[in-house]
Structure formats: C-alpha cells, structure tokens
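Trainee: I have a structure here, written as structure tokens, and I will follow up with some questions on it.
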Amino acid sequence: MWACGVVLASALSARYPFFRAADDVSALAELADLVGSAALQRAAGSLGRRVVTSSHRRGLCLRKLCARLRQPPPAAPAAHPPAAHPPAAACPRCRLPDTQCLCKDDTKREEDFDPHAFVAGFPDSAFSLAARLLDPNPRTRISAADALHHPFLSAC
Numbered sequence: 021m022w023a024c025g026v027v028l029a030s031a032l033s034a035r036y037p038f039f040r041a042a043d044d045v046s047a048l049a050e051l052a053d054l055v056g057s058a059a060l061q062r063a064a065g066s067l068g069r070r071v072v073t074s075s076h077r078r079g080l081c082l083r084k085l086c087a088r089l090r091q092p093p094p095a096a097p098a099a100h101p102p103a104a105h106p107p108a109a110a111c112p113r114c115r116l117p118d119t120q121c122l123c124k125d126d127t128k129r130e131e132d133f134d135p136h137a138f139v140a141g142f143p144d145s146a147f148s149l150a151a152r153l154l155d156p157n158p159r160t161r162i163s164a165a166d167a168l169h170h171p172f173l174s175a176c
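Numbering (our numbering), first residue to last: 21 to 176.
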C-alpha cells in the first residue's frame, strides 16, 4: 500500500521519483520532512523501533506541496525591480508568505477532504487517499480493501 501512495503522490505532484534519497538516512530525513518527525517516531515505536532526529519536523501539507511542485518554474528576475507591494501575510511557523507556506494545516487532518474541492486539478479526495497510503505506520495505514472503497476510487 505504501508503494501505491508513492505512485499516487508522484502523479499528484508531477514528480518522479517522489522521494529522491540516495541512502536510508536521507530517506528517513525526507520522510520526516513530509509526515513530521513525531509521526515517524510513533510509527517506529509501534514496531518496537526507535528513530532519533536531530531536529523536530512538523511535516508538510501534501496538498500544498503537490500544488507547488506542479507549478511552472519561476521566471527569471526582471532587470528592474518591481514596485514595492505591501508585505504578504506570513505563516507564524515557517515565516514564509502564506502563498509559499507548505506547513500542515493544524485545523484539518490530511485524511479529511472536501468532496467539492479541487487542488492542483485533482479532487481533494485524492490527497486524502494519498495521505492514508503514506501513513508511516503500517498498522494504521489504509488496507487495500478499504482503499478500494475510499471516495476517490469509488467515484471512478
């Protein structure tokens, strides 16, 4: 099921491979960046393992990440700087403008979705399924049978 999540994340983000780590340590770091170090540590603990990270990672919003990765690369900077604009609202966690922030939304679980919303051209339910497939804990990850009944697939 994990592999299905990686394939779905690749499709949603238009990036292959979705994870680009060269070794196991780098792979754990990429995973901690995506799902958060606490989720990774809980998953390891449930399997009788321990993961120690050098810094706390909150995790990224899969929806925002995929939407950002699907955007065309930014254009080259103009020869003349643009006129000054008022500063955009900034995320209190990462301090980036809200339009560039990839932080998880603490008010919404990744598995929840709006049946009428679309993100980056995909139904919100696709990101819900991807989040369930990419659950780092194999004991709580969605099963194949449950995935087939997920609203994203049952709408097909």
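Each residue gets a CB set at the ideal place from its N, CA and C atoms; glycine is no exception.
Keep in mind it's a predicted model, so treat the numbers as computed, not measured.
Which same chain residues, not among the five before or five after D155, have their C-beta less than 6 angstroms away from its C-beta?
Mentor: For this step, residue 155 is matched to residue 135 along the sequence shown. So the list reads R161, once near-sequence residues are dropped.
Trainee: Look up P117 in the DSSP assignment and give the residues it is bridged to.
Mentor: Counted from its first residue, the sequence shown places residue 117 at position 97. Bridge partners of P117: A110.
Trainee: DSSP on P143, reduced to helix/strand/coil?
Mentor: For the purposes of this step, residue 143 is taken as the residue at position 123 of the sequence shown. Strand.
Trainee: If you compare alpha carbons, which of P37, R83, W22 and V45 is closest to T119?
Mentor: The sequence position of residue 119 within the sequence shown is 99, counting from 1. Residue R83 is the option with its Cα nearest to T119.
Trainee: Could you check whether L173 and A165 sit closer than 8 angstroms to each other, using their CB atoms as the reference points?
Mentor: Taking the sequence shown and counting its residues from 1, the one referred to as residue 165 is at position 145. Taking the sequence shown and counting its residues from 1, the one referred to as residue 173 is at position 153. No; because the gap between Cβ atoms is not below 8 angstroms, this pair is not in contact.
Trainee: Pick out whichever of V27, D43 and E130 has its Cα sitting closest to the Cα of C81.
Mentor: The residue given as residue 81 occupies position 61 in the sequence shown. Minimum Cα distance to C81 is reached at E130.
Trainee: Determine the burial state of R241: buried for a count of at least 16 other Cβ atoms within 10 Å of its Cβ, exposed for fewer.
Mentor: In the structure displayed, the chain extends from 21 to 176; residue 241 sits before or after that span and is not available.
Trainee: Quick check on the burial criterion: 16 or more other C-beta atoms within 10 angstroms. Buried or exposed for A29?
Mentor: Walking along the sequence shown from the start, residue 29 turns up at place 9. Buried is the call here.
Trainee: Just to confirm my understanding: we take R70, look at its own chain, exclude 5 residues before and 5 after, and list those with CB closer than 7 angstroms. What are they?
Mentor: Locating residue 70 in the sequence shown gives position 50, counting from the first residue. These residues qualify, in order along the chain: A64.
Trainee: Using the Cα positions of V139 and A87, report the straight-line distance between them to the nearest angstrom.
Mentor: Position 119 of the sequence shown, counted from the first residue, corresponds to residue 139. Position 67 of the sequence shown, counted from the first residue, corresponds to residue 87. Taking the straight line from one Cα to the other gives about 7 angstroms.
Trainee: Counting along the chain, where does the alpha helix (DSSP H) carrying C176 start and finish?
Mentor: Sequence index remark: in the sequence shown, residue 176 carries index 156 (1-based). Per DSSP, C176 belongs to no alpha helix (DSSP H) and is neither H nor E.
Trainee: For P171, which residues in the same chain have their Cβ closer than 6 angstroms to its Cβ, ignoring the five residues on either side in sequence?
Mentor: What you label residue 171 is simply residue 151 of the sequence shown in a count that begins at 1. Only S145 meet the Cβ criterion.
Trainee: Considering only their Cβ atoms, is the gap separating F39 from V55 smaller than 8 angstroms?
Mentor: As a first step, residue 55 is located in the sequence shown; it is residue number 35 there, counting from the start. As a first step, residue 39 is located in the sequence shown; it is residue number 19 there, counting from the start. Cβ distance not < 8 angstroms, so V55 and F39 don't count as in contact.
Trainee: For G79, is the classification buried or exposed, using 16 other Cβ atoms within 10 angstroms of its Cβ as the cut-off for buried?
Mentor: Taking the sequence shown and counting its residues from 1, the one referred to as residue 79 is at position 59. Buried.
Trainee: Please classify L80: does DSSP put it in a helix, a strand, or coil?
Mentor: Looking up residue 80 in the sequence shown gives position 60. L80 falls in the strand class under three-state DSSP.
Trainee: Which residue comes first and which comes last in the alpha helix (DSSP H) that contains A47?
Mentor: Working through the sequence shown from its first residue, we reach residue 47 at position 27. Unbroken alpha helix (DSSP H) run through A47: D44 to V55.
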